[in-house]
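Visitor:
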Amino acid sequence: MEFISLPVISIALFILIIHSIETLAYAVRLSGARVKLIASGLSLFNMMVIVSRMSNMMQQPFTGGLTDAAPEGRKLEVVEEQFRVLIGASTLGTLLGIVLLPTFVALFSRGIIRLSEQGGSVPRLIKLGFKNDLYKRGMNHFAKPGRRYLRGINFRAIPKRLFFINMVITAVYTIGVLSALYAALIVPDRQGSATMASGLINGIATILLTLFIDPKISVLADDVANGKGNYQELKGLSIMMVISRLFGTLLAQLIFIPGAYYIAWMSQFFVMK
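Take 1 as the starting number for the sequence shown in our numbering and just add one per residue.
(1) Apart from the five residues just before and just after Phe-212, which ones in its own chain have a Cβ nearer than 6 angstroms to its Cβ?
(2) Below 6 angstroms CB to CB, which residues in the same chain sit around Ser-10 once its five sequence neighbours on both sides are set aside?
(3) How would you call Ile-207, buried or exposed, if buried means at least 16 neighbouring beta carbons within 10 angstroms?
(4) With DSSP collapsed to three states, give me the class of Gly-230.
(5) For Glu-22, does the three-state DSSP call read helix, strand or coil?
(6) Assign Thr-210 to buried or exposed, taking buried as 16 or more other Cβ atoms, counted over all protein chains shown, within 10 Å of its Cβ.
(7) Which term fits Met-54, buried or exposed, when burial requires 16 or more other beta carbons within 10 angstroms of its beta carbon?
(8) Starting from Gly-176, trace the alpha helix (DSSP H) both ways and give me its first and last residue.
(9) Straight-line CA distance for Arg-29 to Arg-190?
(10) Considering only C-alpha positions, which residue in the set Val-219, Met-266, Val-177 is nearest to Ala-252?
(11) Name the two residues that bound the continuous alpha helix (DSSP H) containing Ala-194.
(12) Around the C-beta of Glu-77, are 16 or more other C-beta atoms found within 10 angstroms, so that it is buried, or is it exposed?
(13) Taking buried to mean at least 16 other C-beta atoms within 10 Å of its own C-beta, is Ile-217 buried or exposed?
(14) Based on Cα-Cα distance, which residue from Thr-103, Gly-97, Ser-43 lies nearest to Ser-244?
(15) Taking the Cβ atom as the reference point for each residue, do Ile-158 and Leu-237 lie within a distance shorter than 8 angstroms?
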């Protein structure tokens, strides 16, 4: 168990929280459509996405530190085991987000209404929550995911292509930084080029997410808020998307090493001679 250390556990917990937040971001759209306040819900959604993206950037230097601290002669073996633990943490974080999804749909619904009442001021919303002990009352809305929550959802109507695309994008986003750092160990003479490729990979994954996934869910949420769509259909699509995220983190375990070798190969084209 040489690969398990305090830094690995700390980074794993950080990644677990990041993926939980990104999974729970799907609850915001559901809540916005539920209370018919899409614009307020979108502002809360954007805030969560920014927090998760910023947190992901913050953990990258610490993750890179694992490659520096790995023992000489066994770097590839030890780092691979450590990084697989981190990928596993992303799976657990996504699973935690799925379990908490029904609870946070209820909490975000009330939060969006309060945000609208506070004129869109998030600091005032947070201050109000602590002042009136709203966070304590929020514990009463805890709900277990179960068959009752899935009642009325027709999963056969969910686009399978959308499920697959989201799964692949999630897998690429999950291993973007890790594969790039591992690639730097494979080709130490091109370490800088391989490491910096992570920004390009995550950037492409984010763009694909914005192009193929977000518009579909956003349009459906607007239809629900305007009385033209079915809330159960939106809920079904959101649940399938978080499940596809879960499968994406599992797929990340399979493409982690092949992705690293692909980045190592691609890094030769980044070197200017």
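Here a beta-carbon is modelled for each residue, glycine too, at the ideal position from N, C-alpha and C.
Guide: This is what the structure gives:
(1) Ile-165
(2) So no residue of the chain qualifies.
(3) exposed
(4) In the sequence on display, residue 230 carries Asn and not Gly. Three-state DSSP puts Asn-230 in coil, outside helix and strand.
(5) helix
(6) exposed
(7) exposed
(8) 160-186
(9) 43 angstroms
(10) Val-177
(11) 191-212
(12) Under this definition Glu-77 is an exposed residue.
(13) buried
(14) Gly-97
(15) yes
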